[in-house]
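Let me begin by presenting the structure, written as structure tokens, before commenting on it.
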Amino acid sequence: MKKRLIAIGIASALLIIAILIQSISFLTSSTFTESSQGLFGGDSDNEGPREEVIEEGSSSERIARLSVEGTIMSGQGSNPFMGEGYNHEALLEQLEVIKEDSSINGVLLYVNSPGGGVFESAELHDKLNELKEEDKSLYVSMGGMAASGGYYISAPADQIYASEETFTGSLGVIMQSVNYEELADEYGVKFNTIKSGEFKDIMSPTKEMTEEDREILQTLVDESYQGFVDVISEGRDMPEDEVIEIADGRIYSGQQALDNGLIDNIGFEEDALAALKEEIGGNPEVIEYHPSGETLFGIPFDVKSFLPTSEVKWINEMIEKRQGPRLMYMYSE
1 MKKRLIAIGI
11 ASALLIIAIL
21 IQSISFLTSS
31 TFTESSQGLF
41 GGDSDNEGPR
51 EEVIEEGSSS
61 ERIARLSVEG
71 TIMSGQGSNP
81 FMGEGYNHEA
91 LLEQLEVIKE
101 DSSINGVLLY
111 VNSPGGGVFE
121 SAELHDKLNE
131 LKEEDKSLYV
141 SMGGMAASGG
151 YYISAPADQI
161 YASEETFTGS
171 LGVIMQSVNY
181 EELADEYGVK
191 FNTIKSGEFK
201 DIMSPTKEMT
211 EEDREILQTL
221 VDESYQGFVD
231 VISEGRDMPE
241 DEVIEIADGR
251 IYSGQQALDN
261 GLIDNIGFEE
271 DALAALKEEI
281 GGNPEVIEYH
291 PSGETLFGIP
301 FDVKSFLPTS
311 EVKWINEMIE
321 KRQGPRLMYM
331 YSE
């Protein structure tokens with residue numbers, strides 16, 4: 001009973017906060033006054049990510065620090081009740097802003113990720129290559145893990161730094177599913193499937209995979225694997241046969257990655273930043289970005305996310321965005 005009362009109290013408090021925020025948002029929707037900006041930070045038009053200077057320096061020669069932490073997947077970062085995680089859409093927006101900003105001469109990309117979706121990794125890779133086409137230096141600093149898709153997006157970098165303790169590699173593609181046909185049979189669960197073609201339910205968890213199914217899926221994996229090999233070969237200026245020799249899915253330590261030519265230096269983020277500053281020259285300002293939107297007491301938030309139905313909306317979004325088995329550049333323990 002006590003826990004229930006506490007839960008009701010928390011829910012009531014959130015409802016009151018939501019109503020207050022909604023009211024303030026309505027009153028300030030057309031323009032922000034100086035007094036309201038003391039409570040709500042950011043530009044009134046909320047266009048583009050917000051900049052934050054993390055190291056003072058020349059504003060005409062700047063370095064943008066970006067971060068990829070967590071699984072590289074789209075549609076994340078929208079749950080207001082969880083900590084801030086990887087936000088694919090926000091990162092793409094930041095990369096576009098950097099590409100158009102002539103005052104930014106270099107990008108330091110911090111990667112701490114086990115990888116993620118093939119599509120999202122390729123999308124990031126292409127955006128990073130666009131920065132290089134604009135003559136912006138790209139340095140990567142790997143955290144505790146920069147594996148599979150985490151390495152895929154690092155490959156275009158001019159210089160890659162990793163510590164001896166970094167786990168990287170896991171170069172390759174994986175596709176997995178769970179089959180619970182026997183478990184369902186044990187409990188008398190029956191599945192009715194009506195399909196338009198023989199392979200419409202390929203990789204279904206309710207039926208045994210056939211050899212024909214496996215051959216079809218293997219061609220998809222092989223095609224994506226070749227794309228991965230090409231990215232490494234081009235980014236690291238490494239012959240394809242050498243890439244294939246080391247791209248067997250195994251994980252490498254930082255030192256092993258250096259020995260294999262997958263990285264350029266052993267070091268931490270501060271080492272990568274110092275080297276990037278030296279390449280650019282002068283005393284460049286270092287900035288970070290935050291997703292566009294308002295801030296409450298300096299903390300980013302989205303007014304809509306605090307509406308009384310936000311939890312329900314978020315759960316509904318997760319259900320709607322659910323996906324079946326997919327190709328992944330992903331390290332799995």
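Numbered according to UniProt numbering, the sequence shown spans residues 1 to 333.
Don't be surprised by glycine CBs; every beta carbon is placed ideally from N, CA and C.
What you are looking at is a predicted structure, and each value in this text was computed from that prediction instead of being measured.
Starting from A275, trace the alpha helix (DSSP H) both ways and give me its first and last residue.
Here residue 275 corresponds to residue number 275 of the sequence shown, with the count starting at 1. Where A275 is concerned, the enclosing alpha helix (DSSP H) stretches over 269-280.
Any chance you could list the alpha helix (DSSP H) runs of at least 4 consecutive residues sitting entirely within the UniProt domain "Peptidase S49" (131-279), in chain order?
149-152, 181-186, 211-235, 240-246, 254-259
Considering Cα atoms alone, identify which of H88, E133, G116 is closest to N105.
On the sequence shown, position 105 is the one that residue 105 refers to. Comparing Cα-Cα distances from N105 to each of H88, E133, G116, the minimum goes to E133.
Nearest neighbour of T71, chosen from L128, S154, H88 [CA to CA]
Position 71 of the sequence shown, counted from the start, is the residue given in the question as residue 71. Here the closest residue by C-alpha is H88.
Report back the beta-carbon spacing between S170 and G249 to the nearest angstrom; my notes put them in contact at under 8 angstroms.
To locate residue 170, count along the sequence shown from 1; it is residue 170. To locate residue 249, count along the sequence shown from 1; it is residue 249. Contact holds; Cβ gap of about 6 angstroms.
Give the straight-line distance between the Cα atoms of L95 and G267, rounded to the nearest whole angstrom.
Position 95 of the sequence shown, counted from the start, is the residue given in the question as residue 95. Position 267 of the sequence shown, counted from the start, is the residue given in the question as residue 267. Roughly 25 angstroms separates the two Cα atoms.
Going by C-alpha to C-alpha distance, which of N179, E278, G261 sits closest to T210?
Mapped onto the sequence shown, residue 210 falls at position 210. The residue with the shortest Cα to Cα distance from T210 is N179.
Minimum C-alpha distance to E130 - residue among V97, L327, F119
What you label residue 130 is simply residue 130 of the sequence shown in a count that begins at 1. Nearest of V97, L327, F119 to E130, Cα basis: V97.
Three-state class that DSSP yields for E69 in the structure shown:
Position 69 of the sequence shown, counting from 1, holds the residue named residue 69. Reduced to three states, the DSSP call for E69 is strand.
Pair every Cβ in the region 159-168 with every Cβ in the region 259-266, then say whether three or more of these pairs are closer than 8 angstroms.
At 8 angstroms Cβ cutoff, the stretches touch.
Whole-Å CB distance - Y139 paired with A272, under 8 angstroms assumed
In the sequence shown, the residue the question calls residue 139 occupies position 139. In the sequence shown, the residue the question calls residue 272 occupies position 272. So it is a contact: roughly 5 angstroms between Cβ atoms.
Roughly how many angstroms lie between the CA atoms of M330 and G150, to the nearest whole one?
Start at 1 with the first residue of the sequence shown, and residue 330 comes out as number 330. Start at 1 with the first residue of the sequence shown, and residue 150 comes out as number 150. Between M330 and G150, the C-alpha separation is close to 8 angstroms.
According to DSSP, simplified to helix, strand and coil, what is E61?
On the sequence shown, position 61 is the one that residue 61 refers to. Note: E61 maps to strand in three-state DSSP.
From I54, R50, G48, P49, residue whose alpha carbon lies closest to that of I287
Counting from 1 along the sequence shown, the entry for residue 287 is found at position 287. Checked all of I54, R50, G48, P49; the closest Cα to I287 is I54.
Excluding the five sequence neighbours on either side, which residues of its own chain have a C-beta within less than 6 angstroms of the C-beta of T206, listed in chain order?
The residue given as residue 206 occupies position 206 in the sequence shown. Within its own chain, the residues whose Cβ lies closer than 6 angstroms to the Cβ of T206, once the five positions on either side in sequence are excluded, are E181, F191, listed in chain order.
Using the beta-carbon count (16 or more within 10 Å), is P239 buried or exposed?
Here residue 239 corresponds to residue number 239 of the sequence shown, with the count starting at 1. By the neighbour-count rule (16 or more Cβ atoms within 10 Å), P239 is not buried but exposed.
Give the DSSP-derived three-state secondary structure of S74 in the structure shown.
In the sequence shown, counting from the first residue as 1, residue 74 sits at position 74. The answer is coil: DSSP assigns S74 none of H, G, I, E or B.
Out of M328, G57, L92, which one is the CA nearest neighbour of Y289?
Translated into the one-based positions of the sequence shown, residue 289 becomes position 289. Comparing Cα-Cα distances from Y289 to each of M328, G57, L92, the minimum goes to L92.
Which class does S103 belong to by DSSP, given the choice of helix, strand or coil?
For the purposes of this step, residue 103 is taken as the residue at position 103 of the sequence shown. Of the three classes helix, strand and coil, the one that applies to S103 here is coil, per DSSP.
Close Cβ partners of I251 (< 8 angstroms) along its chain, the five nearest in sequence each way excluded:
Mapped onto the sequence shown, residue 251 falls at position 251. Counting only Cβ-Cβ distances below 8 angstroms, and skipping sequence neighbours, we find A147, F167, T168, G169, S170, Y331.
What is the DSSP secondary structure of L91, reduced to helix, strand or coil?
Taking the sequence shown and counting its residues from 1, one reaches residue 91 at position 91. Helix at L91.
Which of the three DSSP states, helix, strand or coil, is assigned to R326?
Position 326 of the sequence shown, counting from 1, holds the residue named residue 326. Looking at R326 - three-state DSSP - the assignment turns out to be coil, as it is neither helix nor strand.
Considering just the uninterrupted stretch of the beta strand (DSSP E) at Y86, what are its terminal residues?
Along the sequence shown, read from residue 1 onward, the residue named residue 86 stands at position 86. Element bounds for Y86: n/a, residue is neither H nor E.
DSSP bridge partner residues for Y331 (one or two, in chain order)
As a working note, residue 331 is residue 331 in the sequence shown. Y331 is not bridged to any residue.
Run of the beta strand (DSSP E) containing residue 335, from where it starts to where it stops
Residue numbering for the chain in the displayed model covers 1 to 333; residue 335 lies beyond these limits and cannot be assessed.
Comparing C-alpha positions only, which one of L327, P291, E285, Q256 sits nearest to S59?
Start at 1 with the first residue of the sequence shown, and residue 59 comes out as number 59. The candidate whose alpha carbon is nearest that of S59 is E285.
Counting along the chain, where does the beta strand (DSSP E) carrying E51 start and finish?
Within the sequence shown, the letter at position 51 stands for residue 51. Its beta strand (DSSP E) spans residues 50-55.
Please say whether Y110 and R65 have beta carbons closer to each other than 8 angstroms?
What you label residue 65 is simply residue 65 of the sequence shown in a count that begins at 1. What you label residue 110 is simply residue 110 of the sequence shown in a count that begins at 1. Yes, the pair counts as a contact, with Cβ atoms nearer than the cut-off.
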